[in-house]
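Numbering (our numbering), first residue to last: 20 to 256.
All residues carry an ideal CB built from backbone N, CA and C; glycine is no exception.
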Amino acid sequence: MAYNLKSEEDVKEYLKNLGTEYRFGCYNEKKPEVCHLLGNYLEAISKDFDKAGKVYKSNCDDYNFAKSCLKTANYMVTGRGGFKASEEKGLEYYEKGCKLGDADSCFRCGLLNVLSGRKLDSFKTYVKGIGQLQQSCEGGNHADACFHLSSIYIGPKDNSSKTVPHDMRKAFEYGVRSCQLGNMFACANVSLMYRQGDGVEKDQAKSESYRQRALELKRELENNRRTINFQEGLKPI
Numbered sequence: 020m021a022y023n024l025k026s027e028e029d030v031k032e033y034l035k036n037l038g039t040e041y042r043f044g045c046y047n048e049k050k051p052e053v054c055h056l057l058g059n060y061l062e063a064i065s066k067d068f069d070k071a072g073k074v075y076k077s078n079c080d081d082y083n084f085a086k087s088c089l090k091t092a093n094y095m096v097t098g099r100g101g102f103k104a105s106e107e108k109g110l111e112y113y114e115k116g117c118k119l120g121d122a123d124s125c126f127r128c129g130l131l132n133v134l135s136g137r138k139l140d141s142f143k144t145y146v147k148g149i150g151q152l153q154q155s156c157e158g159g160n161h162a163d164a165c166f167h168l169s170s171i172y173i174g175p176k177d178n179s180s181k182t183v184p185h186d187m188r189k190a191f192e193y194g195v196r197s198c199q200l201g202n203m204f205a206c207a208n209v210s211l212m213y214r215q216g217d218g219v220e221k222d223q224a225k226s227e228s229y230r231q232r233a234l235e236l237k238r239e240l241e242n243n244r245r246t247i248n249f250q251e252g253l254k255p256i
């Protein structure tokens, strides 16, 4: 059936049929990727967060679908989808998603463990978080994970706290990687490192190049924000 997506009635019919298709693919054919799409549908179209949370959790628990573990964790941390807010439970699902190879999950559990390790003065937890951030950055090309690793290695020079040693060379390497992946703050930091000779030999030309890249990414972000058309969407179906 052909739909006229400029017609509100046709759009509603299309979305209704899409929901039916996702339910069949999930519940009858038991396809994990379709179950995740059903969760997204319930979240974004139906606005039924409780049902979406149940679908995501089941898809993570029963089928080990990494992105559903990430979604479940997000819901648990924020207390959405019928879950009681619990950073501890959310961390469990972030870590499961990470073990299943999801870079976003690795980034989030890594960040939580680094922060928790600092707060509780637990070097073991802190180092675990570093490893998860590295997995996200190096294995998943996650720009924010690389940026946070760079920031961590910039850390205090005295190293009086139980953290990784101050290492500007590693800070530079992770900063470059993050910049290449599109993090404007990393580009700005790398520009400063080249200008000051921190972790790399001074190079004013490269410093300026990275500064311009940071400005370019900043402009792109601002343009994207201006062009996004926020809509209320259809009523839940």
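Is residue i helix, strand or coil when you go by DSSP?
i: Gly120; result: coil
i: Glu241; result: helix
i: Gly158; result: helix
i: Asp93; result: In the sequence under discussion, the amino acid at residue 93 is Asn, which differs from the Asp named in the question. Asn93: helix per DSSP, three-state reduction.
i: Ile64; result: coil
i: Phe249; result: Note that Phe249 scores a pLDDT of 39, beneath 50, so its modelled location is shaky; the value from the coordinates is reported in the next line. Reduced to three states, the DSSP call for Phe249 is coil.
i: Gly38; result: helix
i: Asn202; result: coil
i: Glu220; result: coil
i: Tyr33; result: helix
i: Ser105; result: coil
i: Arg99; result: coil
i: Phe43; result: helix
i: His55; result: helix
i: Gly72; result: helix
What number of angstroms, rounded off, separates the C-alpha of residue i from the C-alpha of residue j?
i: Glu40; j: Ala122; result: 29 angstroms
i: His55; j: Leu240; result: 29 angstroms
i: Lys70; j: Gly58; result: 8 angstroms
i: Tyr145; j: Glu27; result: 52 angstroms
i: Glu111; j: Ser124; result: 10 angstroms
i: Gly159; j: Leu200; result: 11 angstroms
i: Cys165; j: Asn202; result: 9 angstroms
i: His161; j: Gln153; result: 9 angstroms
i: Glu235; j: Asp222; result: 20 angstroms
i: Gln215; j: Ser226; result: 9 angstroms
i: Tyr193; j: Glu114; result: 22 angstroms
i: Gly148; j: Lys35; result: 42 angstroms
i: Ser77; j: Val53; result: 13 angstroms
i: Gly116; j: Glu107; result: 15 angstroms
Out of the options, state which residue places its alpha-carbon closest to the alpha-carbon of residue i.
i: Cys156; options: Ser135, Arg137, Gly120; result: Gly120
i: Ser65; options: Phe43, Tyr82, Gly38; result: Gly38
i: Lys118; options: Ala85, Tyr229, Ala233; result: Ala85
i: Phe102; options: Val74, Gly116, Asn83; result: Val74
i: Cys128; options: Arg232, Ser77, Met95; result: Met95
i: Pro51; options: Cys79, Asp67, Asn132; result: Cys79
i: Glu220; options: Lys76, Phe191, Thr97, Ser169; result: Phe191
i: Tyr229; options: Arg244, Asn243, Val195, Ser169; result: Val195
i: Tyr60; options: Asp217, Asn83, Tyr213, Ser87; result: Ser87
i: Lys189; options: Ala205, Leu211, Gly218; result: Gly218
Given that a residue counts as buried once 16 or more other Cβ atoms are within 10 Å of its Cβ, and exposed if not, what is residue i?
i: Ser197; result: buried
i: Arg238; result: exposed
i: Glu48; result: exposed
i: Pro184; result: exposed
i: Ser105; result: exposed
i: Pro175; result: exposed
i: Lys31; result: exposed
i: Asn208; result: buried
i: Thr91; result: buried
i: Leu62; result: Correcting the residue identity first, residue 62 is Glu in this sequence and not Leu. That one is buried.
i: Phe43; result: exposed
i: Gly98; result: exposed
i: Glu251; result: Annotation note: pLDDT 37 at Glu251 (below 50); position unreliable, coordinate value reported separately. By the 10 Å Cβ count, Glu251 comes out exposed.
i: Asn242; result: exposed
i: Arg232; result: buried
i: Ala224; result: exposed
If contacts are defined as beta-carbon pairs under 8 angstroms, then residue i and residue j qualify, I think. What distance do you get, rounded to the angstrom?
i: His167; j: Leu130; result: 6 angstroms
i: Tyr172; j: Asp186; result: 5 angstroms
i: Phe142; j: Gly150; result: Not really, about 13 angstroms apart at Cβ, beyond 8 angstroms.
i: Phe68; j: Gly100; result: 5 angstroms
Examine chain B for any beta-carbon lying closer than 8 angstroms to the beta-carbon of residue i, and answer yes or no.
i: Asp163; result: No chain B appears in this structure, which consists of one protein chain only.
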